[in-house]
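Trainee: Below are the structure tokens for one structure; questions will follow.
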Amino acid sequence: MADITVRPMTSDDADRVLAIYQAGLDSGDASFETTAPSWAAFDAGKLPDHRLVAVEADDSVIGWVAVSPTSSRAVYAGVVEHSVYVDPAAQGRGVARLLLDALIASTDAAGIWTIQSGVFPENTASLALHQRAGFRVIGTRERVGRHHGRWRDVILLERRSPAIT
């Protein structure tokens, strides 16, 4: 993993970030979304201080992680929802864990106390990754939405920061 580093995402990364996002969506088990948004929409929906990319030695982007606020209400200012995606060619190399660890450090430092996510039960690699990173399952939303013509469940995960009491 010495050849992979994590750095802040910039607009110069837009094409690779969106291509990796689309590849994840094309897998069918990453999200209810089916098409990656425009960069403008992506940029508007993600908190700028917590958008990171994993890059190889030549600075080519092989994965990303970002968060969105869960609510505009002040009481939820420390709660975010995250997404993490890795280029299919780079999967199995620890990239997602590296990104998730960097995100946890970033959000802890910023006073964010809860990171949450929803994962399809079929995405066993993502569920295992999150549990290894300290996320816990808080429940299952059964048949919460239709995706490619079938009802899908979503497992809700969260990580409470032990650094913020």
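Heads up: the sequence shown begins at 1053 in the working numbering, then just goes up one per residue. Glycine residues also receive a C-beta, built at the ideal position from the N, C-alpha and C atoms. Treat the numbers as computed from the prediction; the structure is a model and nothing was measured.
1. If you check the beta carbons only, do ASP1081 and PHE1172 fall under 9 Å apart?
2. What are the complete alpha helix (DSSP H) segments, minimum 4 residues, inside the segment 1058–1130?
3. For the beta strand (DSSP E) that contains HIS1199, what are its first and last residues?
4. For VAL1069, collect the residues of the same chain with a Cβ closer than 6 Å to its Cβ; drop the 5 residues on either side in sequence, then sort them by chain order.
5. Classify THR1159: buried if its beta carbon has 16 or more other beta carbons within 10 angstroms, exposed otherwise.
6. Could you check what DSSP says for ASP1160 in three-state terms: helix, strand or coil?
7. Nearest CA to the CA of VAL1132: which residue from HIS1199, VAL1113, GLY1163 and PRO1089?
8. Out of GLU1108, PRO1100 and VAL1105, point me to the one whose CA is closest to SER1120's CA.
9. Per DSSP, GLU1210 is paired with what?
Mentor: According to the data block:
1. Start at 1 with the first residue of the sequence shown, and residue 1081 comes out as number 29. Start at 1 with the first residue of the sequence shown, and residue 1172 comes out as number 120. In this structure, PHE1172 lies closer than 9 Å to ASP1081 by Cβ.
2. 1066–1078 and 1091–1097
3. Here residue 1199 refers to the residue found at position 147 of the sequence shown. Its beta strand (DSSP E) spans residues 1188–1199.
4. In the sequence shown, residue 1069 corresponds to position 17, counting from 1. The residues are TRP1116.
5. Numbered from 1 along the sequence shown, position 107 holds the residue referred to as residue 1159. Its Cβ being crowded by 16 or more others within 10 Å, THR1159 is buried.
6. Sequence index remark: in the sequence shown, residue 1160 carries index 108 (1-based). It is helical.
7. Residue mapping note: residue 1132 aligns to position 80 of the sequence shown, counting from 1. The closest CA to that of VAL1132, considering only HIS1199, VAL1113, GLY1163 and PRO1089, is found on GLY1163.
8. Position 68 of the sequence shown, counted from the start, is the residue given in the question as residue 1120. The candidate whose alpha carbon is nearest that of SER1120 is PRO1100.
9. For the purposes of this step, residue 1210 is identified with residue 158 of the sequence shown, where counting begins at 1. Answer is GLN1168 and ARG1188.
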